[in-house]
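First residue of the sequence shown: 63, per the numbering used here; consecutive thereafter. We put the CB at the ideal spot given by N, CA and C, even for glycine.
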Amino acid sequence: MREYGGRKRKKVCRFCENKINYIDFKDDRILRRFVTDRGKIVPRRISGNCAKHQRKLTTAIKRARHIAIMAFESESFR
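This is the structure in structure tokens:
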């Protein structure tokens with residue numbers, strides 16, 4: 063994502079852009095975007111989230127894993 067002149071374009075937080083305050087841990091469709099195929103949570107610098115929403119997202123993913131909405135890891139790597 064390079065602009066002309068070698069400058070990087072700043073990523074915008076998806077949750078701030080849509081004015082989402084609460085990230086629902088039961089909505090696995092949103093949470094899957096921020097988890098790799100191996101089950102790791104995507105870091106802020108790659109996802110473009112702000113620090114506040116990244117913390118809320120991490121908490122929501124961990125809650126979803128705890129009540130078995132999401133898997134801790136992919137079954138194909140066992």
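To which residues of the same chain is residue i closer than 8 angstroms at the C-beta, ignoring the five residues directly before and after it?
i: ALA122; result: ILE85, ASP86, PHE87, LEU93
i: CYS78; result: CYS112, HIS115
What are the boundary residues of the alpha helix (DSSP H) that residue i is part of?
i: ASP90; result: 90-94
i: ALA113; result: 113-128
i: VAL108; result: According to the sequence shown, residue 108 is Ile rather than Val. Taken as a continuous stretch (DSSP letters only), the alpha helix (DSSP H) holding ILE108 covers 106-109.
i: CYS78; result: 76-79
When the distance is taken between beta carbons, is residue j closer than 9 angstroms to residue i?
i: ARG69; j: GLY110; result: no
i: ARG100; j: GLU135; result: yes
i: ILE108; j: THR120; result: no
Suppose the cutoff is 7 angstroms on Cβ atoms and the five residues either side in sequence are ignored; what does the same chain contact list for residue i look like?
i: LYS118; result: ILE85
i: ASP90; result: ALA126, ILE131, MET132
Less than 6 angstroms between C-beta atoms, sequence neighbours within five positions excluded: which residues of the same chain meet that for residue i?
i: GLN116; result: ARG106
i: VAL74; result: none
Report the partner residues of residue i according to the DSSP bridge assignment.
i: ILE103; result: VAL97
Does the beta carbon of residue i come closer than 9 angstroms to any beta carbon on chain C?
i: PHE134; result: In summary, chain C is missing from the structure at hand, where a single protein chain is found.
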